[in-house]
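Residue numbers (the working numbering): 2 to 762.
Note that the Cβ used here is the ideal one computed from N, Cα and C, for glycine as well.
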């Protein structure tokens, strides 16, 4: 097969601008071969090079006492004590999941798993953050029936893909979030998170060290699937989106499980110098990045690469994103040992090259050099843009005030909110995931954070994924602070001390100045919050170009945070445990109905100002809560967020484990309107349930920490009874409210409950 002639049109089809191609020519000193053009195309894509985000990401705090490996490797690593370390990361697979929801989501799970065991860690838990378009039509016609049908199809395909891959591989999916919004119609977000554990003195890196060391290809054979996947993920979609289906990879979780075991065995044999997942850009990125990190070069002979299709060209082999593949650099003289390990696990393993001292990626096929590029040209010398920033024109903010004129109307609003897609129970989603495999799961999906045990150690790990695009769209900087604060709060109410975070920053086109302004503001807000809470960023992912037909998503930074639970007895869940306990509110409400679930339920759109957060007060509330939990004074704790106090108290009455619900009565007082008392989304608030004999001790801890705290009610009975300044506003049977909460999502998807109605489990 003859390579096509390099032409301006061919260069543009590879996603390179005229300026970038001129830069390429200068770095090479000549015209590129067709294979080299493809290599530059993927390595200089937004997805691989971060060319629009680098200048901003450098502002994030990345160092901390616990951080063993920050950004720049396959995953971040933190010290968790007892000689152990945790590797964790979040990655996006948004574009593939729009084109082919099942395989796009499944291979997203496979990719993040490889990022973790590439570091030498055994994956112990996975989570995901999913965002979809509305599942029902709007009364005003904003979401038509065809779009709703597509949104439902994407959601069911994504959830099935995540479940099938994770369940077959054998890692528990133990939590996450599912949110909905109009901007995600035809722009779904699929962000996958995995955490693994290893000995802290046995971390492996993606570095091609040791001149002369063999370079070994291991795992699945290479096919034509996924070619130019990285480029596809670096551009917006139009009407031709469905034609990109061939660029979506196909995964095999059973083969990935074999790859995991073989890699870990080779690592234990101390025969591996460096290892890298063949993810985005496949063999290209793994080889040049490994050489770049080590200051060496790599020479590859593509004729030796295991292939599952005939007649593959060098271009296709280098750019394929076939799944379940790794590139390994072994100690010279020990390659046979590595090959035997992979042969035992029935995996392909072939020496395809060696490490050189010239800092170049050199690729041969059929005895001809088809690519010879300085590593630096593909990595450090890739374009970096300081794109224009422009804040959108200020709009007159509509104040959100109480809409209802009677208690009955307020109660009806509450029922609409509790059964709205974002607040409603997500068990239809997480019951498709195996969350108990490996028997480490302590807290199942449904509480504020998931918790896993570290066997043979006293401490445990808590983790959460959080986002709020409504806030970040209205005020990116304040919204980012609120999201980081909520992630910390979700760990604290679970009994954990926040340790570090990974982030997945999902945005529309960086070529739009208002999008880059949003991105910059989010980074600054996140930086400020991380510095206050002492939660450095260990890595993550930026996903730009989440646009279809010129319509982009709302800014959606997703925070994946990990914390340590020092003692098993500190693990705390969100639901009430016993009748007759006091219900205590930490923190003080304000008139924060803007950009809230209440605004959506009443005004029909997200309007107003986001709640303002005082990070120091937030920290004080979190520290008081954690102190009370560690003192053994708290039976349940729940973060107050979406839907305000009314939704929070209702959720406390429901158990994710479907134990018998426990009702509560609460009296809210103050100068705020009843709607603000019930539905305000003021941050820095936590609901605790406390045995009567422990109330004074909890209030003392709060007072000594400078935190406002008061008893607002009592657990017990079978009703949710909320009064405001003496007037009964909500008085419903808990079973009725819980039924509305649990049935909403299956009803919107027009599917039956996986549990068969109210059957216990």
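query                                                                                                                                                                               : result
For the beta strand (DSSP E) containing residue 456, name the first residue and the last one.                                                                                       : Here residue 456 belongs to no beta strand (DSSP E), and DSSP marks it neither H nor E.
Whose CA, out of 578, 535, 600, 134, lies closest to the CA of residue 617?                                                                                                         : 535
My guess is that residue 98 and residue 109 are in contact by the Cβ rule of under 8 Å, so how many angstroms apart are they, rounded?                                              : 7 Å
Hey, would you say residue 126 sits closer than 8 Å to residue 453, going by beta carbons?                                                                                          : yes
Leaving out five residues on either side along the sequence, give the residues of the same chain with a beta carbon under 6 Å from the beta carbon of residue 297.                  : 209, 356
Report the three-state DSSP secondary structure of residue 408 (helix, strand or coil).                                                                                             : helix
Rounded to whole angstroms, what's the CA-CA distance from residue 358 to residue 132? Just pull it up for me.                                                                      : 46 Å
Can you say whether residue 476 is buried or exposed, counting buried as having 16 or more other CB atoms within 10 angstroms of its CB?                                            : buried
Check each candidate in 523, 212, 461, 677 and name the one with the smallest Cα separation from residue 300.                                                                       : 212
Report the residue from 360, 154, 725, 504 whose alpha carbon sits nearest the alpha carbon of residue 71.                                                                          : 504
For residue 26, does the count of other Cβ atoms within 10 angstroms reach 16, so buried, or fall short, so exposed?                                                                : exposed
Would you tell me roughly how many angstroms separate the C-alpha atoms of residue 282 and residue 327, rounded to the nearest one?                                                 : 12 Å
Measuring alpha carbon to alpha carbon, tell me which of 263, 207, 189, 383 ends up nearest residue 23.                                                                             : 383
Just grab the DSSP bridge partners of residue 669 for me.                                                                                                                           : 725
What are the boundary residues of the alpha helix (DSSP H) that residue 13 is part of?                                                                                              : 9-14
Residue 287 to residue 12, Cα distance in whole Å?                                                                                                                                  : 23 Å
Please name the residue, chosen from 152, 220, 107, that lies closest to residue 422 on a Cα-to-Cα basis.                                                                           : 152
Go to residue 336, then tell me how far its alpha helix (DSSP H) extends in each direction, as first and last residue.                                                              : 336-345
Could you check which residue in 668, 727, 728 has the C-alpha nearest to that of residue 716?                                                                                      : 668
Grouping DSSP H, G and I as helix and E and B as strand, with all else coil, what is residue 192?                                                                                   : strand
Which residues in the same chain as residue 770 place their Cβ atom closer than 8 Å to its Cβ, once the five residues preceding and following it in sequence are excluded?          : In the structure as shown, the chain begins at 2 and stops at 762. Residue 770 is therefore absent and cannot be evaluated.
Can you give me the start and stop residues for the beta strand (DSSP E) that residue 400 sits inside?                                                                              : Careful: residue 400 lies outside any beta strand (DSSP E) and carries neither H nor E.
Please name the residue in 42, 695, 603 whose C-alpha comes closest to that of residue 402.                                                                                         : 603
Count the other C-beta atoms from every protein chain shown that fall within 10 angstroms of the C-beta of residue 394, then say buried if there are 16 or more, exposed otherwise. : exposed
Give the range of the beta strand (DSSP E) segment to which residue 70 is assigned.                                                                                                 : 68-70
To which residues does DSSP link residue 133 through a beta bridge?                                                                                                                 : 181
Check whether the segment 49-62 and the segment 554-573 are in contact - that is, three or more C-beta pairs closer than 8 Å.                                                       : no
Say the cut is 7 Å; is the CB of residue 181 nearer than that to a heavy atom of the ligand HEM?                                                                                    : This structure does not include the ligand HEM; it has no bound ligands of any sort.
Taking the straight line between their C-alpha atoms, what separation do you get for residue 172 and residue 271?                                                                   : 25 Å
Pull up the distance between the alpha-carbon of residue 390 and that of residue 459, whole angstroms please.                                                                       : 49 Å
Does DSSP put residue 218 in a helix, in a strand, or in coil?                                                                                                                      : strand
Is it right to say residue 90 is buried, meaning 16 or more other beta carbons lie within 10 angstroms of its own, or is it exposed?                                                : buried
Suppose you measure from the CA of residue 630 to the CA of residue 573; what does that come to, to the nearest Å?                                                                  : 8 Å
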